[in-house]
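Last residue of the sequence shown: number 205 in this note's numbering, and the count goes up by one each step with no gaps.
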Amino acid sequence: MNILHIDCSPRSNSYSRKLSALVVHQLKSYSSSNFITRRDLGRDPIPHVDELYTTAISAPQELQDGVLTHAVAQSEKLIQELESSDAVVIGTPVNNFTVPSVLKAWIDNVLRMGRTIGVNEQGEKVGLIQDKPVYFAIASGGFFYGEKAKQPDFMTPYLSAALGCIGIKSVEFIPVQGTAFLSKDEVMEQADKLVLSMHQSKAQA
Numbered sequence: 001m002n003i004l005h006i007d008c009s010p011r012s013n014s015y016s017r018k019l020s021a022l023v024v025h026q027l028k029s030y031s032s033s034n035f036i037t038r039r040d041l042g043r044d045p046i047p048h049v050d051e052l053y054t055t056a057i058s059a060p061q062e063l064q065d066g067v068l069t070h071a072v073a074q075s076e077k078l079i080q081e082l083e084s085s086d087a088v089v090i091g092t093p094v095n096n097f098t099v100p101s102v103l104k105a106w107i108d109n110v111l112r113m114g115r116t117i118g119v120n121e122q123g124e125k126v127g128l129i130q131d132k133p134v135y136f137a138i139a140s141g142g143f144f145y146g147e148k149a150k151q152p153d154f155m156t157p158y159l160s161a162a163l164g165c166i167g168i169k170s171v172e173f174i175p176v177q178g179t180a181f182l183s184k185d186e187v188m189e190q191a192d193k194l195v196l197s198m199h200q201s202k203a204q205a
């Protein structure tokens, strides 16, 4: 199994990193042969899109020079990592109700008209990436998801819509919540239960 493992937290000991590692470990148990592509956005963030990039993606292919081609090279590499994976695990904190800027930069590079997004005759966007399971290992200091939510959830609808736009519908959210109020043992117990539940759901599928 080819697994694309992405982390977004700048903290080396963050709960989202621990949770994403647990999810990857669980996925690896399903196959005797695994290859992990690692992308650490928290420690090695990618640049946000700039004027050269927006010029390049809107210019006809025959008019693109070396400078414009180079401008989309990072985007192309990220898309190829996604395309070559069988499953994706993204560890991320909740930052100010939604995704951290490093994850937004990744999304902005991956969602590219004419490359990962097409348009049909009705003018509707059509995803060009083959569907695959994407697991978001989310850590939140408060409660944003499910019955215990104490704040609006702008994160999961956005992520579902963004990935759905490129053809990925099999999105699963695995959130550990209340990390600001719980002990480390309580948080990790919650994480273990979530990953076990993920395994049981996969076994029953």
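The beta carbon of each residue, even a glycine, is placed where N, CA and C say it ideally should be.
Just so we're clear, the structure is a prediction, and the values are computed from it rather than from any experiment.
Measure the alpha-carbon distance for residue i versus residue j and round it to whole angstroms.
i	j	result
N120	K184	49 Å
L182	P157	26 Å
S12	P60	42 Å
E76	H199	32 Å
Q122	Q130	21 Å
R38	D7	8 Å
E147	Q80	37 Å
T54	L196	43 Å
L163	L19	21 Å
C165	S33	30 Å
Y140	I3	The residue asked about is misnamed: residue 140 is Ser in this sequence, not Tyr. Each residue's Cα considered, the two are about 24 Å apart.
On the DSSP bridge list, what partners appear for residue i?
i	result
F35	N2
V72	Answer by DSSP bridge pairing: none, since V72 is not bridged.
E172	Y135
Residue i: buried (16+ other C-beta within 10 angstroms of its C-beta) or exposed?
i	result
Y30	exposed
R43	exposed
G91	buried
H5	buried
P47	exposed
T69	exposed
(message) Counting beta carbon pairs with one atom in the segment 146-156 and one in the segment 96-103, are three or more of them shorter than 8 Å?
(response) yes
(message) Quick check: the segment 14-29 against the segment 135-143, are at least 3 beta-carbon pairs closer than 8 Å?
(response) yes
(request) Let me know the alpha helix (DSSP H) ranges lying completely inside the segment 101-168, each 4 residues or longer, listed in chain order. (result) 101-110 and 155-165
(request) Could you tell me whether the segment 66-85 touches the segment 100-119, using the rule of 3 or more Cβ pairs below 8 Å? (result) yes
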